[in-house]
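Chemist: This note's numbering applies: residue 10 is where the sequence shown begins, and numbers increase by one.
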Amino acid sequence: MGSGPAVVSQGVERFDVFVIGGGGTGSEVAFQLARRSDLRVAIAERDRLGGECNHHGCVPTKAMLRSARIAALARDAGRFGVRVPRVEVDLAAVRERVRRVIDAQSGEGAAPFERMGVRVFLQEARLVGPHRIERADGTQVEAARIVLATGTEPVIPPVPGLRELPVWTNREAVWEPVRVPGSLPILGAGAIGAEFAQLYARFGSRVTLVELLPQVLPSEDADAAGELTRALEEEGVRVEVGARVERVGRDEGGGFVLSLAGGGEVRAERLLVATGRRPAFDGHDLAAAGVELDAAGRPVLTDTLRTTAPHIWVAGDATGELLFTHVGSYEAELVALDILGTPRPRDYRVVPRVTFTDPEVASVGLTEAAARAAGHEVAAATARIEDNERAHIDGRSRGLVKLVADRSTGELLGGHIVAEEAGAMIHEVVVAMAGRLPVRVLADAIHAYPTLSESVRWAAIQLAEALEA
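1) Please list the segments of the beta strand (DSSP E) lying wholly inside the region 196-258, counting only runs of 3 or more residues, in order along the chain.
2) Does DSSP put residue 329 in a helix, in a strand, or in coil?
3) Buried or exposed: which applies to residue 284, given that a residue is buried once 16 or more other Cβ atoms fall within 10 Å of its Cβ?
4) Excluding sequence positions up to five away, which residues of its chain have a Cβ less than 7 Å from the Cβ of residue 188?
5) Can you give me the Cβ contacts of residue 233 inside the same chain, cut-off strictly under 6 Å, excluding the 5 residues immediately before and after it?
6) Please classify residue 128 as buried or exposed, where buried requires at least 16 other C-beta atoms within 10 Å of its C-beta.
7) Counting C-beta neighbours from all protein chains within 10 Å, is the total for residue 89 16 or more, i.e. buried, or is it exposed?
8) Assuming residue 409 is part of the alpha helix (DSSP H), what are its boundary residues?
9) Could you compute how far the alpha carbon of residue 249 sits from the alpha carbon of residue 322?
10) Give the straight-line distance between the Cα atoms of residue 237 and residue 225, rounded to the nearest whole angstrom.
11) List the endpoints of the continuous beta strand (DSSP E) containing residue 134.
12) Quick check on DSSP: helix, strand or coil for residue 60?
13) CB of residue 220 to nearest heavy atom of the ligand FMN: below 7 Å?
14) Going by the CB atoms, is the gap between residue 196 and residue 6 shorter than 8 Å?
15) What are the uninterrupted segments assigned as alpha helix (DSSP H) that are 4 or more residues long and contained completely in the region 125-189, given in chain order?
16) What does the alpha-carbon distance come out to for the pair residue 332 and residue 326?
17) Does the region 284-295 come within contact of the region 152-163, defined as at least 3 CB pairs closer than 8 Å?
18) If distances are taken between C-alpha atoms only, which option among 83, 102 and 105 comes closest to residue 95?
19) Please list the terminal residues of the continuous beta strand (DSSP E) segment that includes residue 425.
20) I think residue 135 touches residue 293, with their Cβ atoms under 8 Å apart; what is that distance to the nearest whole Å?
21) DSSP puts residue 29 in a beta bridge; with which residues?
22) Just reading off the alpha helix (DSSP H) that residue 337 is part of, what are its end residues?
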């Protein structure tokens with residue numbers, strides 16, 4: 010299907026749907042609309058389709074993490090009877106591989122969309138009125154419906170001295186260094202901070218991970234966070250939790266100096282800030298378009314992702330809610346359905362999340378603490394990865410599988426896995442929760458031996474017995 014010829018009225022080109030932002034979410038909205046309808050669809054992205062995740066975030070960092078893991082395995086090879094005389098990280102070669110990975114998954118860029126009839130504008134576009142969009146070249150177009158898939162931008166916290174300094178965010182940490190920094194503090198121990206901490210530690214940096222809250226991965230289960238903390242510390246990462254940075258400055262040699270509350274100090278060659286992200290709406294006249302934001306700067310949305318202007322939707326990271334590429338793809342589907350007249354309300358009850366450290370940390374649903382805070386009568390069970398024979402075969406025995414349920418209803422509320430393949434293992438729990446399967450179904454299912462997934466069954470057996478007691 011796809012759009013017909015250009016429609017021009019009073020010198021302004023008009024579209025049925027204009028998507029601002031050509032990352033994974035925006036591209037998926039345009040693709041689904043072009044595939045399912047004959048609507049005139051346009052999409053605008055400042056450089057090339059793919060967005061932050063493909064070009065500067067998820068994909069390049071995971072590719073770099075893979076290189077870091079290979080380096081760590083090579084250093085550890087002697088434990089497996091394999092001698093590797095010398096391990097050297099060639100940062101230029103690592104980055105060249107990152108570029109190849111990005112190019113391989115970027116496909117043909119705009120060409121498939123154009124073949125489907127989607128107009129692709131590889132330049133910035135901004136919302137300037139209820140139905141009007143202005144492109145970077147000054148040309149204005151109009152659209153009956155508009156989708157904002159503008160993504161997010163890094164948050165630089167208001168620490169005295171910080172905003173005046175040339176700090177790294179995820180982009181600079183991927184593309185800027187010509188050599189591995191000798192020392193690197195990282196502000197923020199969420200998924201981004203934790204991944205970069207391990208990555209650069211394995212490349213050879215002295216890394217300090219600084220987190221204001223009481224644990225790394227603050228949104229994850231405390232037991233899972235503790236496992237990752239110990240793993241990072243064993244690799245030489247200095248972890249400072251409950252630490253408040255009072256000031257950031259430079260020393261006489263041009264290095265960074267972080268002054269911590271209580272008198273502590275961290276000196277380093279570079280500084281990476283990973284303290285969160287916020288919706289990227291700079292340049293868009295949301296007020297003129299009738300789009301309201303809440304007190305946190307996030308768009309006020311309906312269950313079908315419409316804004317307070319009912320002809321404008323927001324999807325993907327720009328919602329400021331669940332900043333995951335897979336959630337963006339899900340939301341793109343919902344937006345397309347709503348535009349096509351078959352609305353479906355969003356449901357985030359079962360959303361997996363993965364931190365791609367080694368071991369990986371994967372979760373779905375509620376943590377034990379969150380379940381208790383929500384008023385559930387909680388039952389929880391944990392299986393240790395160190396009791397799994399496959400883990401010992403692979404020499405990777407750190408981790409756990411933890412399942413959380415409501416004791417009164419028996420409903421599975423959450424799952425938390427720390428293991429080498431946790432990101433793959435968690436989907437067994439995802440399916441169980443999505444289908445509201447009894448825990449006993451997981452417990453009774455035969456699992457292949459020797460696999461790490463047996464630990465999911467062992468946790469389920471313990472939990473089922475606790476629920477049935």
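Cβ coordinates follow ideal geometry from the N, Cα and C atoms, glycine included.
Modeler: From the atom records:
1) 215-220 and 247-250
2) coil
3) buried
4) 100
5) 370, 425 and 427
6) buried
7) exposed
8) Counting along the chain, residue 409 falls outside any alpha helix (DSSP H), though it belongs to the beta strand (DSSP E) covering 409-415.
9) 40 Å
10) 8 Å
11) 134-136
12) helix
13) With respect to the ligand FMN, the structure offers nothing, as it holds no ligand at all.
14) For the chain, the structure presents residues 10 to 478; residue 6 sits outside this window and is missing.
15) 179-184
16) 5 Å
17) yes
18) 83
19) 421-428
20) 5 Å
21) 53 and 157
22) 334-348
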